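Let me begin by presenting the structure, written as C-alpha cells, before commenting on it.
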Amino acid sequence: MRWADKFSDCLAVGLLRQYNAVQQVWKVGLLGVLMTASTSMQRTVSPVWAATMPVLDSVTFGNALSEQSHKVDATNSVVITGGLGETARRLLPPPTTGWEGGRVAFTMQVDPIKLNYFTARFWGSEGSNNRLLLFCEGKQVGYRHIGDLEILDFGNDNNAPPVNGRFFYKTSPLPLAMTQGKTELHLEIRSTGRIWGYGMTFAQYQQPMTQPARAIYRVYTHTDGFFMTPADEKQGVAPVNAPVRGEPGPEVLDQLKARVTHEVDNLLKSSRPLNQMQVLFLSQAYSVKWTPAYQNPQTIQKVLSSLDAIFAAYRANPKLAQSDPATPNADWFGLGPSGYTLSLLAPGLRDHLDEAIPDGAGGQITRRAAFAEMLLDSRDWHRENRRQYTNQSMINDLYGIYLSNRGLAVVDAARAMPEKEALHYLYESVGLQPWLGSEKNGVPLKPLGDNYWQLTTKGLTKELGFVGYYGEVLDWVTTIYEATRPAPGQPGDEKIREQLIKIAHARTPFRYPALDVEGNRAMRAETIVGWRDDHYPGDVTYAERPSWDASSLYVAATTLDPALVGAAQQMFADNQFFASLRDQMKETGFRSTAGLLNTPDQYELLKAQPPSPVRLPMSPGRPDFVFADEEDGVIALKHGNEVLYASLYWRARNAINFLARVHYIQPAFERIAIVGQEEQFEPSGLTYKRPDEVNAPYLPWLPRYPAGLHSANAGEELPIAKIPAALKFKPGDESVYAGKAEFYYLRYGPYLIGMNTTHNKTFPLPVPTDVRSAKELVSGKMMRLSKPVQVGPMSTVVFYLGP
Numbered sequence: 003m004r005w006a007d008k009f010s011d012c013l014a015v016g017l018l019r020q021y022n023a024v025q026q027v028w029k030v031g032l033l034g035v036l037m038t039a040s041t042s043m044q045r046t047v048s049p050v051w052a053a054t055m056p057v058l059d060s061v062t063f064g065n066a067l068s069e070q071s072h073k074v075d076a077t078n079s080v081v082i083t084g085g086l087g088e089t090a091r092r093l094l095p096p097p098t099t100g101w102e103g104g105r106v107a108f109t110m111q112v113d114p115i116k117l118n119y120f121t122a123r124f125w126g127s128e129g130s131n132n133r134l135l136l137f138c139e140g141k142q143v144g145y146r147h148i149g150d151l152e153i154l155d156f157g158n159d160n161n162a163p164p165v166n167g168r169f170f171y172k173t174s175p176l177p178l179a180m181t182q183g184k185t186e187l188h189l190e191i192r193s194t195g196r197i198w199g200y201g202m203t204f205a206q207y208q209q210p211m212t213q214p215a216r217a218i219y220r221v222y223t224h225t226d227g228f229f230m231t232p233a234d235e236k237q238g239v240a241p242v243n244a245p246v247r248g249e250p251g252p253e254v255l256d257q258l259k260a261r262v263t264h265e266v267d268n269l270l271k272s273s274r275p276l277n278q279m280q281v282l283f284l285s286q287a288y289s290v291k292w293t294p295a296y297q298n299p300q301t302i303q304k305v306l307s308s309l310d311a312i313f314a315a316y317r318a319n320p321k322l323a324q325s326d327p328a329t330p331n332a333d334w335f336g337l338g339p340s341g342y343t344l345s346l347l348a349p350g351l352r353d354h355l356d357e358a359i360p361d362g363a364g365g366q367i368t369r370r371a372a373f374a375e376m377l378l379d380s381r382d383w384h385r386e387n388r389r390q391y392t393n394q395s396m397i398n399d400l401y402g403i404y405l406s407n408r409g410l411a412v413v414d415a416a417r418a419m420p421e422k423e424a425l426h427y428l429y430e431s432v433g434l435q436p437w438l439g440s441e442k443n444g445v446p447l448k449p450l451g452d453n454y455w456q457l458t459t460k461g462l463t464k465e466l467g468f469v470g471y472y473g474e475v476l477d478w479v480t481t482i483y484e485a486t487r488p489a490p491g492q493p494g495d496e497k498i499r500e501q502l503i504k505i506a507h508a509r510t511p512f513r514y515p516a517l518d519v520e521g522n523r524a525m526r527a528e529t530i531v532g533w534r535d536d537h538y539p540g541d542v543t544y545a546e547r548p549s550w551d552a553s554s555l556y557v558a559a560t561t562l563d564p565a566l567v568g569a570a571q572q573m574f575a576d577n578q579f580f581a582s583l584r585d586q587m588k589e590t591g592f593r594s595t596a597g598l599l600n601t602p603d604q605y606e607l608l609k610a611q612p613p614s615p616v617r618l619p620m621s622p623g624r625p626d627f628v629f630a631d632e633e634d635g636v637i638a639l640k641h642g643n644e645v646l647y648a649s650l651y652w653r654a655r656n657a658i659n660f661l662a663r664v665h666y667i668q669p670a671f672e673r674i675a676i677v678g679q680e681e682q683f684e685p686s687g688l689t690y691k692r693p694d695e696v697n698a699p700y701l702p703w704l705p706r707y708p709a710g711l712h713s714a715n716a717g718e719e720l721p722i723a724k725i726p727a728a729l730k731f732k733p734g735d736e737s738v739y740a741g742k743a744e745f746y747y748l749r750y751g752p753y754l755i756g757m758n759t760t761h762n763k764t765f766p767l768p769v770p771t772d773v774r775s776a777k778e779l780v781s782g783k784m785m786r787l788s789k790p791v792q793v794g795p796m797s798t799v800v801f802y803l804g805p
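So the number in my numbering is just where the residue sits in the sequence shown, counting from 1, plus 2.
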C-alpha cells in the first residue's frame with residue numbers, strides 16, 4: 003500500500019484511524035507524529051503497484067564513487083567481489099576475543115515528511131550466524147531479540163544459505179522522529195556475534211563474534227514499504243529441476259538402531275537407579291521388538307528398582323513432585339514420566355505394587371501407597387501451576403497432570419480423577435475446549451477469561467499470534483494422543499486424534515519450495531513471519547519438523563492421514579528423510595536418543611502405504627492456494643510461482659503497532675519486510691510508550707547491554723486496544739487483547755489484503771482508483787472494484803493487482 007497519496011489532512015502518511023466515528027488526535031507510534039482520525043476506511047487507495055515510489059538513495063558498497071559520495075567510513079571491514087560478480091563490504095570479527103565486530107557509517111538521502119524505509123541487499127548463497135544492526139543518528143533501530151521492529155540481519159544459526167544463487171532484500175521502517183524535517187541521515191551498520199536467547203549471564207547471552215558477518219551489497223532508502231528493485235540490478239535465476247539428494251540412505255537407520263540398542267544395554271546393565279526419563283525410555287522400549295528391552299523381565303526389574311529410588315528421592319525432597327531436574331523442563335513435567343511408566347508397564351508391575359519398600363523415615367510403605375503419594379502431589383501442584391503458552395501448556399497438562407493421574411489410577415484408582423475429567427486438561431491444551439488456567443481449590447482462575455483458546459479454530463497455535471518453530475507442536479500433540487491409548491497398540495482418544503490431524507493440516511501451508519544446503523530439492527519451514535522465530539532459512543520440513551523427542555514421521559505414522567502420508571512420501575521422493583534423520587542424530591544426548599526409538603517402525607509403516615496423490619500445497623505445480631487464519635492474523639498464499647507469507651497481527655504484545663511482517667518469495671529473489679499497514683480497533687483510551695530499550699523490552703530479565711546504547715524508537719506512543727473489563731491490565735503488560743486489531747488492511751506490491759478478525763462486524767476494504775476489476779485469490783473469482791469491498795466476520799480477501 004502507498005500511504006502518501008490523496009490525504010491532505012495528515013502531516014505524513016496514512017495510518018489514520020476511525021475510533022467509533024469520533025475525531026480524536028493520536029500520537030501514532032510508528033510515525034511519531036500527530037494525526038487526526040477521520041473516516042479513513044471509506045477512502046480509496048493509491049494506484050496499482052507498478053507506480054510504487056522509486057528509490058530515494060542507495061549506496062553500493064565496494065564501489066569507490068558511491069562510497070565516496072555517501073561519506074562511507076568503515077572500520078574493520080573488507081571489500082569483496084561476491085554474488086554475480088557484484089561488490090560488497092564485509093564486516094570482520096574483532097582482532098581479539100569480543101562480541102562487537104566491524105562497522106560501516108554512511109549518509110543517505112531521506113524524505114523530510116513521509117515515512118522512510120531502509121532496505122539492505124544480501125547474497126542468498128552466503129550463510130552467517132552473526133548479526134548486523136542498523137543505527138540512525140547514533141541510536142539503534144529495532145530490537146536485538148524478537149521485537150516487532152527487528153535488527154537488520156539476525157543471521158542463521160544453522161549456517162544454511164537462505165536463497166541459493168539469488169539475492170534477498172530486508173526492509174525496515176526508519177523512525178519518523180529521526181527523519182522528519184531532514185533530507186539527509188547519518189546511518190551506521192554494526193556487526194556482533196550471535197545471541198543465545200536462554201543465556202542468563204551476558205557472556206552466555208551475547209556470544210563472541212568469531213567469523214565475518216554476512217556481506218552487505220547495497221542499501222537503499224525509499225518511502226514505500228514494498229521495495230521495488232532497480233530494473234538494472236543483477237538478479238539470480240531460480241533453480242529449474244533441482245536435483246534429488248543422492249545420499250545418505252537407509253544405512254542411517256542401521257546407525258540409529260545401533261545407537262538405541264547401545265543405550266538400552268547400558269541402562270539395563272547400570273548399577274545405579276535410573277532417572278524418570280530413562281525409566282520412561284525403557285518402558286517404551288519394552289514394546290519395540292528390535293530392542294533388547296522388548297518383553298525382557300530385566301526391563302521390569304530395572305524400572306521397578308528405579309521407581310523405588312525416585313520415591314526415596316521424593317520423600318527426601320518433596321519438591322521433586324513440582325520440579326525434577328532430570329526432566330527437560332523441570333517444573334513442567336513433575337513426576338508425570340513415572341506415572342506414564344506405571345501406565346505402560348501396568349501388567350508387569352501390578353504383582354509388585356503391594357510389596358514393602360523403605361519409607362525414608364526408618365519404616366516401611368507399600369509401593370502402591372508410596373507411588374500414589376508422590377503422583378497425587380505432582381498432579382495437584384500442576385493443576386494449580388498451569389502454563390499459558392501453547393507448547394508449555396501441553397507439556398504441563400500432559401505430564402504434570404494427565405500422566406501423573408494415569409499412574410495414580412494404576413496404584414490407587416479411588417484417588418485418581420475419572421478419565422473423562424482428566425482428559426479435559428488435554429482438551430484445553432490442544433484447543434478442544436477453552437483454556438481456563440490454573441486452579442485454586444479445584445476452581446479455575448480464568449486469567450484470560452472464559453473463552454480463550456490455546457489454538458485457533460483452524461488449528462494454529464497462538465503465542466500470541468502465529469508461531470513458527472515453537473508453533474510446531476505436532477510432536478507434543480502426537481505424544482498427547484499416544485498417552486491416551488489405554489494400552490500400547492490400542493486406539494487413543496478420537497477427539498484428540500481429529501484435532502491432531504487438523505493441526506498438522508494447518509502447518510502444511512507453511513512449507514515452501516527451496517533448496518537444501520547442498521542445492522538439492524527440498525521444502526522448508528516458514529519462520530520469517532513467526533512471533534518467536536529468528537531463523538532464516540527454516541529447517542527442511544515436510545509433514546513435521548523433527549525435534550529432540552520425535553522424528554519427521556511421527557504424526558504421519560500415528561494418524562495415517564492421507565495428506566500427511568502424502569507429505570511423508572514427498573519427503574521420501576526428495577530423499578530428504580535420511581538427511582533429516584542424520585541431522586537429528588547429530589544431537590548426541592540421551593533425550594535425542596530416546597526420541598529416535600520409534601523411527602524405524604514409523605518408516606516401515608509409511609513405506610508400506612499405498613501412494614497418496616496429495617502433496618504439500620506450496621509445492622511447485624500445485625494449484626493457486628490461500629490459507630488465512632484470522633485468529634492468528636496470518637496469511638499464506640501461493641500464486642503461480644510466487645509464495646507470500648504475512649503476519650498482519652505482528653508481535654503486538656503491548657499495543658496496536660500498525661506493523662505487518664512479510665516474506666515474499668519470487669523466482670529471482672526474496673523480500674523480507676516489516677511494513678506499515680492500516681488497522682481498525684476499538685480503543686481503550688490507554689497508550690503504551692516504547693521504552694529506551696535495545697534488547698527485548700518484553701523480557702526484562704534478560705542480561706542488559708552496556709550503558710550508552712539507546713533506542714531510535716524510544717518514546718513512540720502506541721494506542722492500546724480495548725481490554726475485557728474482567729481482566730487485570732496496565733500499560734506495558736503483555737496481553738492477547740492490547741495489540742490485536744479488528745480489521746487489517748495491507749497493500750504490499752501487487753497484493754491487497756483485508757482481514758476481519760471479529761465475529762460480528764463487517765469492514766469496508768478500500769480499493770484502487772484505477773483498477774476496474776481484479777482477481778480475488780481466496781475465492782478465485784474476478785471481482786469489480788467500483789466501490790469498497792465489504793469484508794465479513796472472520797474472513798479474509800486477497801486481491802491480485804499485478805499484471
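A virtual CB, placed ideally from N, CA and C, is assigned to each residue, including glycine.
Just so you know, these numbers come straight off a predicted model, no measurement behind them.
The shortest CA-to-CA distance from Leu258 to any of Thr121, Arg663, Thr601 is the one to Thr601.
C-alpha of Ile755 to C-alpha of Trp125: approximately 29 Å in a straight line.
Judged by DSSP in its simplified three-state form, Phe683 adopts coil rather than helix or strand. With a 10 Å radius around the Cβ and a threshold of 16 neighbouring Cβ atoms, Trp703 comes out exposed. Counting only unbroken stretches of 4 or more residues, the alpha helix (DSSP H) elements lying wholly within the region 415 to 497 are 421 to 431, 476 to 485, in sequence order.
The shortest CA-to-CA distance from Pro320 to any of Leu377, Trp292, Ser289, Asn298 is the one to Leu377. For Ala66, the enclosing alpha helix (DSSP H) starts and ends at 66 to 71.
The beta-carbon separation of Tyr651 and Lys742, rounded to 6 Å, stays under the 8 Å limit for a contact. In terms of Cα proximity to Gln572, the closest of Trp550, Gln611, Gly597 is Gln611.
Secondary structure note for Arg105: it is in no alpha helix (DSSP H), and the uninterrupted beta strand (DSSP E) holding it is 102 to 111.
Residue pairing from DSSP places Thr798 in a beta bridge opposite Met757. In the DSSP assignment, the residues bridged to Ile197 are Gln208. Counting the other CB atoms within 10 Å of its CB gives Phe204 a total below 16, which places it among the exposed residues. The DSSP-derived three-state label of Ala260 is helix.
Closest by C-alpha distance to Ala424, out of Ile397, Asp452, Arg381, is Arg381. As DSSP reads the structure, Phe137 sits in a beta bridge with Gln142, Glu190. For Glu375, no beta strand (DSSP E) segment is defined; the enclosing uninterrupted segment is the alpha helix (DSSP H) at 369 to 385. DSSP links Glu88 through a beta bridge to no other residue. With contacts defined as CB atoms closer than 8 Å, Ala260 and Ser130 fail to qualify as a contacting pair.
Buried is the label assigned to Ser582, since at least 16 other Cβ atoms lie within 10 Å of its Cβ. Per the Cβ contact rule, the region 262 to 274 is in contact with the region 285 to 304 (3 or more Cβ pairs under 8 Å). Using a C-beta cut-off of 8 Å, the region 715 to 733 makes no contact with the region 771 to 784, since fewer than three inter-stretch Cβ pairs fall below that distance. With fewer than 16 other beta carbons inside 10 angstroms of its own, Ala575 counts as exposed. Here DSSP, grouped into helix, strand and coil, assigns Tyr342 to helix.
Judged by beta-carbon spacing, Glu88 lies within the 8 Å limit of Tyr219, meaning their Cβ atoms are closer than that value.
Sorting Asn522, Ala328, Asp150 by C-alpha distance to the C-alpha of Val246 places Asn522 at the top. In the DSSP assignment, Gln280 falls within the unbroken alpha helix (DSSP H) covering 278 to 287. Contact check for Ala240 against Pro669 passes: the beta carbons are separated by less than 8 Å. A distance below 8 Å separates the beta carbons of Phe229 and Arg673. The same chain holds no residue with a CB closer than 6 Å to that of Gly687 once the five nearest residues on each side in sequence are set aside. An exposed status is given to Met202, since fewer than 16 other beta-carbon atoms sit within 10 Å of its beta-carbon. Under the three-pair Cβ rule at 8 Å, the region 442 to 460 does not count as touching the region 400 to 413.
Under a 10 Å Cβ-count criterion, Gln300 is classified as exposed, with fewer than 16 other Cβ atoms of the shown protein chains found around its own Cβ.
A distance of 8 Å or more separates the beta carbons of Arg417 and Ile403.
For Asp155, the three-state secondary structure derived from DSSP is strand. Linking Met110 to Leu86 through their CA atoms gives a straight-line distance of about 25 Å.
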